[in-house]
Amino acid sequence: VQLQASGGGLVQTGGSLRLSCAASGSISYINRMGWYRQAPGKQRELVAVISSGGSTNYADSVKGRFTISRDINKSTVSLQMNSLKPEDTAVYYCNAVDHFSRPSWGQGTQLTVSS
54 VQLQASGGGL VQTGGSLRLS CAASGSISYI NRMGWYRQAP GKQRELVAVI SSGGSTNYAD
114 SVKGRFTISR DINKSTVSLQ MNSLKPEDTA VYYCNAVDHF SRPSWGQGTQ LTVSS
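Count along the sequence shown starting at 1, add 53, and that's the number in the working numbering.
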């Protein structure tokens, strides 16, 4: 599975941004998709995931502000981010896990939230 993320950028505190990730290749094997992020000097952390059945899971720090969604063909996953904070600044990575639990990663897209 190949993943292509887009939508990062610079936004002010309180603003909104939408990230998108398009999957290609063996998309029929994809089980869940999600977003992770890595801030400078920190470990990569889960932001949100969505299963093939539509179940979602969010990091506590983004609950109520971020919404993950997946298109009907299950080949694109998006992350709507509202009420952004400076601590959301990070490189965001799209992730897909197939039915054999094999992960794939996108190239990362930078989000910077200015105070």
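We put the beta carbon where it would ideally sit given N, CA and C, even for glycine.
Residue i - DSSP class collapsed to helix/strand/coil
i	result
Val150	strand
Val144	strand
Ser168	coil
Segment limits, beta strand (DSSP E) that includes residue i
i	result
Pro156	156-158
Residue i vs residue j beta-carbon contact at 8 angstroms
i	j	result
Leu132	Leu72	yes
Gln9	Ala149	Residue 9 falls outside the range modelled here, since the chain spans only 54 to 168, and no answer is possible.
Gly61	Thr162	yes
Val166	Asp141	yes
Tyr146	Arg97	yes
Entirely within the region 59-86 and at least 3 residues each: give me those beta strand (DSSP E) ranges in chain order.
62-65, 70-77
What are the complete beta strand (DSSP E) segments, minimum 3 residues, inside the region 96-142?
98-103, 109-111, 119-123, 129-134
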